[in-house]
Amino acid sequence: MASDPDGELVARVGAGDRAAARLLVARHVDKLLALARRMLGDGAEAEDAVQDTFLKLWTHAARWQPGGAKFETWLFRVAINACYDRLRKRGTVSLDEAPESPDPGLSPERALQNVELSKSIQAALDALPPRQRVAILLCHYEGRGNADAAEILGIGVEAVESLLSRGRRALRASLGHLRED
Amino acid sequence: MNDDDERLIALLQDAGTRDRAEPASLALSARILADFDAALARRWSVSRLVDAVWPGAPAWKPAFALGLSLVIGLGVGALLPVYGAPDETSIASDASPGLDFGGDLR
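As given, the protein sequences belong to chains F and S, one line each in that order.
Positions 1 to 181 (the working numbering) are the ones given, in order, by the first sequence.
Positions 1001 to 1106 (the working numbering) are the ones given, in order, by the second sequence.
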């Protein structure tokens, strides 16, 4: 097994090394924040989720055991759980249930602009059940392999493939207005 | 995977690349590192206390000893009869004691 690129930094954080903490934050904060923004669709809430994720790291780093799960896998799992907690607190959706459909009112002309494109993608992602959303984000947005995503989510590879397939089908329907004719 | 899927994935990958290029705010990084400082300070204060109570012992030992003594104390307090309780047969007097000194005090 390849050695964990973050293992040494995590051990130093566990020993109270602030410089190591700063390096770990610099290495992971942008990725986690981008994922949390797409999961939650709200910048401020995403920042809170990422802050909670690192707080959990600070309290657990001293007990970190090298040789177990890869650190980044653990970190993403914590971040995703922090997002799930916030989605549950909103009280509107269960993790496997889809909320209301996205607004289909965007014209193709506006949607082709970058900002509007981003909004369209966000609306389509928001319409997915959270488990499908996170699978899509990990594999197609983050570019992780299915096995890696399965480990982060704590499920089997087949389950990830099923979530991806259903998620892509729903996204194709939601984003159909962006398709070139 | 069909062409539509491939187009969709390309769209999502582009969005991911754009999103990750937008860095987290300095304020967020500062908040996160402030949490690190606070967690570190808490950890040091706990470990200093543990070291004062039981030098060189891992944290669970003094915590276990404290918990055990608490359980024993509560058990003893709840199960043993209370000694020195007031005698229920004694009569409390509400009357003020007599202060008749038998004459005019002037």
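Backbone N, C-alpha and C define an ideal beta-carbon position, used for all residues, glycine too.
Here the structure is a predicted model, which means the values were calculated and not measured.
For this session: Using a cut-off of 9 Å between C-beta atoms, extract the partners of Q51/F located in chain S.
Result: Taking a Cβ-Cβ threshold of 9 Å, the residues of chain S close to Q51/F are L1028, R1031, I1032 and D1035, in chain order.
Exercise. For F54/F versus D6/F, is the C-beta distance shorter than 9 Å?
Worked result: No, these two residues do not count as a Cβ contact at 9 Å.
Exercise. Would the beta-carbon of R1020/S fall within 9 Å of that of D30/F?
Worked result: Result yes, Cβ atoms of R1020/S and D30/F sit closer than 9 Å.
For this session: Report the option in V1050/S, L1033/S and A1015/S whose CA atom is closest to the CA atom of L1066/S.
Result: Minimum Cα distance to L1066/S is reached at V1050/S.
Exercise. If you run the structure through DSSP and keep just helix, strand and coil, what is K70/F?
Worked result: Shown here, K70/F sits in coil according to DSSP, grouped into three states, outside any helix or strand.
Exercise. Does DSSP classify D6/F as helix, strand or coil?
Worked result: Coil, per DSSP.
For this session: Measure the Cβ-Cβ separation of L35/F and L171/F and say whether it is below 9 Å.
Result: Cβ distance not < 9 Å, so L35/F and L171/F don't count as in contact.
Exercise. What three-state label does DSSP hand A170/F in the structure shown?
Worked result: Reduced to three states, the DSSP call for A170/F is helix.
Problem set entry | Residue closest to K56/F, alpha-carbon to alpha-carbon, out of A1024/S, L1011/S, Q1013/S and F1036/S | Of the listed residues, the one whose Cα sits closest to K56/F is F1036/S.
Exercise. Beta-carbon of S1025/S versus every beta-carbon of chain F: anything under 9 Å?
Worked result: At least one C-beta of chain F is nearer than 9 Å to the C-beta of S1025/S.
Exercise. Of the choices R37/F, N146/F, L175/F and R77/F, whose alpha-carbon is the least far from that of S162/F?
Worked result: Minimum Cα distance to S162/F is reached at N146/F.
Exercise. Which term fits G105/F, buried or exposed, when burial requires 16 or more other beta carbons within 10 angstroms of its beta carbon?
Worked result: Confidence at G105/F is low in this model, with a pLDDT of 48, below 50, so its placement is unreliable and no value can be given for it.
Problem set entry | Contact under 9 Å by Cβ, I152/F with I80/F | Cβ atoms of I152/F and I80/F: closer than 9 Å.
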